[in-house]
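Trainee: Below: one structure in C-alpha cells.
Number of protein chains: 2
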Amino acid sequence: MAGGGAAASALSSPWRALLQRALDANAHLKHSTFFQLATVGGGGRPANRTVVFRGFQEHCDKIQINTDARSNKIGEIKEWPLGEICWYFTDSWEQLRISGIIDVIDGSSPDPAKLQQREKAWFASSVKSRLQYLGPSPGIPVANDDHVTDVHLDPSAGPVDTYCLLTLDPENVRLIT
Amino acid sequence: MAGGGAAASALSSPWRALLQRALDANAHLKHSTFFQLATVGGGGRPANRTVVFRGFQEHCDKIQINTDARSNKIGEIKEWPLGEICWYFTDSWEQLRISGIIDVIDGSSPDPAKLQQREKAWFASSVKSRLQYLGPSPGIPVANDDHVTDVHLDPSAGPVDTYCLLTLDPENVRLIT
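Order-wise, the sequence lines are chains A and B.
So for the first sequence, our numbering puts the first residue at 130; every next one is plus one.
So for the second sequence, our numbering puts the first residue at 130; every next one is plus one.
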C-alpha cells in the first residue's frame with residue numbers, strides 16, 4: 130500500500146510504527162490491508178463492513194478509504210461521522226482498534242484542498258480499482274479486479290462522480306496483542 | 130467449530146447454508162471462525178472488535194459468542210443491545226453482514242434456561258479457552274491458548290463469574306460476494 134510506506138516516518142504518531150510493523154509482518158497476505166469499519170446508521174443501528182486501507186493522508190495521521198458514493202454508508206456517515214476501525218492481523222494475531230471522526234469527500238466538496246486530496250487518492254489507485262466506480266453498483270474488496278473487463282477508463286481522467294474518499298482522523302488507538 | 134456443523138440443517142434459515150459453505154471453503158484457516166462485532170457505546174460511539182464464532186444456540190439461529198464479563202462491551206450492550214457482525218472470509222472473498230439484537234447472559238441472569246445455555250456453552254469450550262477467564266484481564270482471540278499455563282481449572286467445574294455468553298439473534302443477513 131503506497132501510503133503505508135510512510136507510516137514509520139519520524140514525525141508520525143507512535144502507533145504508526147506499531148501499525149507498520151504489523152503490516153510488514155503480514156505483508157504476504159493480500160487481506161492484511163483490509164479492515165472492518167464500524168459506523169452508526171439510522172435509529173442508532175451499528176453498521177460494519179470490510180474496507181481497504183489506502184494509506185495515510187500526506188503530513189498527518191488521517192486514514193484514507195476509497196468508497197462508492199452510492200453506498201448507504203455515505204449518507205449515514207454524513208449524519209453521524211464517528212467510526213471505529215477494527216484491524217485484525219490474521220498471521221500475527223494483533224488487533225488495532227482505531228476510533229475517530231470520518232470526513233466524506235465527494236465531488237461536491239466546496240473545499241479545493243479536499244477536492245485535490247480526492248483527486249490524488251484517485252490517481253494513487255490502480256486503473257482496475259478505479260473501474261469499479263463505473264460499474265452498476267458498489268462491491269466489496271476482492272483479491273483482484275480481473276472481473277472488471279467490460280468497461281474502459283482513460284487512465285489520465287480524473288475522479289468520476291461515484292468515487293468518494295473517506296478519511297478517518299484517529300482520536301483513540303489501541304493495539305491489543 | 131462444534132455448532133457450525135449444524136448450520137446446514139434442513140430446518141435452519143437459508144443463509145445458514147451459505148455460511149456453512151463459506152466456513153467449509155475457509156476451514157483450513159484458523160481465523161475463519163473470527164469476525165468483527167460492531168456495537169454502539171456511550172455517546173453513540175461505534176465500537177468494533179474481533180470475536181470468535183461459538184456455533185449456534187440449539188434449535189434456533191442465534192449466534193453464540195463467548196466473552197469476558199469484565200470487558201467494556203458488556204455494559205455497552207446492556208444499554209444498547211444492537212449489533213452488526215461483519216464476517217469476512219479471506220480465502221473466498223465473501224462477506225456476511227449479520228445485524229440483530231444481542232442478549233447478554235452472565236451468571237446473574239434470573240432465567241434458568243439462559244443459565245443452562247451459558248453452562249452448556251462453557252462446557253463446549255476447550256479447557257484452555259476457559260482458563261482465560263481466570264486471567265487478570267480480558268484478551269483477544271489468539272491462534273492457541275498455550276500461553277495460559279500458570280492457572281489450573283477443574284474441567285468439571287461450571288462457568289466462572291467472569292464468563293459471559295452473548296447471543297446475537299439475526300434480523301437481517303446479507304451475503305456480499
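Beta carbons: idealized from backbone N, C-alpha and C, even for Gly.
What residue from A146/B, T168/B, L297/B and R178/B has the CA that sits closest to C224/A's CA?
Mentor: A quick correction: the sequence has Gln, not Cys, at residue 224/A. Measuring from the Cα of Q224/A, the nearest candidate turns out to be R178/B.
Trainee: Need the endpoints of the alpha helix (DSSP H) that W144/B sits in, please.
Mentor: It spans P143 to A154 - the alpha helix (DSSP H) in which W144/B sits, taken as one unbroken run.
Trainee: Name the chain A residues that come within less than 7 angstroms of W86/B, Cβ to Cβ?
Mentor: Since the displayed chain B opens at 130 and closes at 306, residue 86/B lies outside it and no answer follows.
Trainee: Assign A167/B to one of three DSSP states: helix, strand, or coil.
Mentor: Of the three classes helix, strand and coil, the one that applies to A167/B here is strand, per DSSP.
Trainee: When the distance is taken between beta carbons, is I231/A closer than 8 angstroms to P265/A?
Mentor: No.
Trainee: Please state whether DSSP places A253/B in a helix, a strand or coil.
Mentor: A253/B: helix per DSSP, three-state reduction.
Trainee: Flag S228/B as yes if its beta-carbon sits less than 8 angstroms from any beta-carbon of chain A, otherwise no.
Mentor: Cβ-Cβ to chain A under 8 angstroms: yes for S228/B.
Trainee: Taking the continuous alpha helix (DSSP H) assigned at E208/A, which residues delimit it?
Mentor: That run of the alpha helix (DSSP H) goes N201 to E208.
Trainee: Using a beta-carbon distance cut-off of less than 7 angstroms, what residues from the stretch 166-190 of chain A approach chain B?
Mentor: Answer set for the stretch 166-190 of chain A: A167, T168, V169, G173, R174, P175, A176, N177, R178 and T179.
Trainee: What's the C-alpha gap between F185/B and Q193/B?
Mentor: Taking the straight line joining both Cα atoms gives about 6 angstroms.
Trainee: When DSSP labels each residue in this structure, what does E300/B get in the three-state scheme?
Mentor: Of the three classes helix, strand and coil, the one that applies to E300/B here is strand, per DSSP.
Trainee: Which of the three DSSP states is assigned to A242/B in this structure?
Mentor: It is helical.
Trainee: Is R178/B helix, strand or coil by DSSP?
Mentor: Strand, per DSSP.
Trainee: With distances taken from CA atoms, which of R259/A, K191/A, P267/A and G212/A is nearest H281/A?
Mentor: Per the Cα distances, R259/A.
Trainee: Which residue from G171/A, I234/A and P143/A puts its Cα closest to that of Q246/A?
Mentor: Ranking the options by Cα distance to Q246/A, first place goes to I234/A.
Trainee: Using DSSP with H/G/I as helix, E/B as strand and the rest coil, what is L225/A?
Mentor: DSSP places L225/A in strand when its eight states are reduced to three.
Trainee: State the beta-bridge partners of Y217/A as determined by DSSP.
Mentor: Y217/A is bridged to Q224/A.
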